[in-house]
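Please read the structure below before turning to the comments.
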Amino acid sequence: MGKGYYTLRIERLRESFGGRCAQCGSDSALEFAHLRPTGLKGRGRGLPQRVHDITKNPDAYKLLCHTHHALFDGRNG
1 MGKGYYTLRI ERLRESFGGR CAQCGSDSAL EFAHLRPTGL KGRGRGLPQR VHDITKNPDA
61 YKLLCHTHHA LFDGRNG
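The sequence shown begins at 1 in the working numbering and counts up by one.
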């Protein structure tokens with residue numbers, strides 16, 4: 001079975017952000033980190049909601065690997 005619409009959209013958004021962690025250049029376990037609030041609430045926030053928010057507010061996000069996202073958010077231990 002093929003990938004869903006929102007999975008493909010997230011892949012394209014990752015590509016539009018350079019496809020690599022902005023800190024270390026890794027291309028695995030990539031996540032979008034909030035640089036500033038956008039009104040999206042709740043952990044995970046749902047894939048469709050996240051896709052629309054990143055598309056609408058690209059300047060409010062930074063593409064990071066899981067490790068650097070955790071460090072950025074202060075979740076490093």
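Even for Gly, the Cβ is constructed at its ideal location relative to N, Cα and C. Predicted, not measured: the structure shown is a model, and the values here were computed from it.
Residues in the same chain with beta-carbon distance under 7 Å from residue i, minus the five sequence neighbours each way, listed in chain order, please.
| i | result |
| --- | --- |
| Y6 | L47, P48, V51 |
Measuring CA to CA, which of the options is closest to residue i?
| i | options | result |
| --- | --- | --- |
| Y15 | K62, R75, D53 | Checking the sequence, you will find Glu at residue 15 rather than Tyr. The shortest Cα separation from E15 among K62, R75, D53 belongs to K62. |
| R36 | L30, G25, N57, S26 | N57 |
How would you call residue i, buried or exposed, if buried means at least 16 neighbouring beta carbons within 10 angstroms?
| i | result |
| --- | --- |
| C131 | Residue 131 is absent from the model: the chain starts at 1 and stops at 77. |
| D59 | exposed |
| D53 | buried |
| L8 | exposed |
| C91 | The shown model of the chain, from 1 to 77, leaves out residue 91, and the question about it has no answer. |
With DSSP collapsed to three states, give me the class of residue i.
| i | result |
| --- | --- |
| A22 | coil |
| A29 | coil |
| L13 | helix |
Grab me the residues of residue i's own chain with a C-beta within less than 8 Å of its C-beta, minus the 5 sequence neighbours each way, in chain order.
| i | result |
| --- | --- |
| G18 | L63 |
When every heavy atom of the ligand COA is checked, does at least one fall within less than 7 Å of the C-beta of residue i?
| i | result |
| --- | --- |
| D59 | Absence of the ligand COA is noted for the structure shown, with no ligands found whatsoever. |
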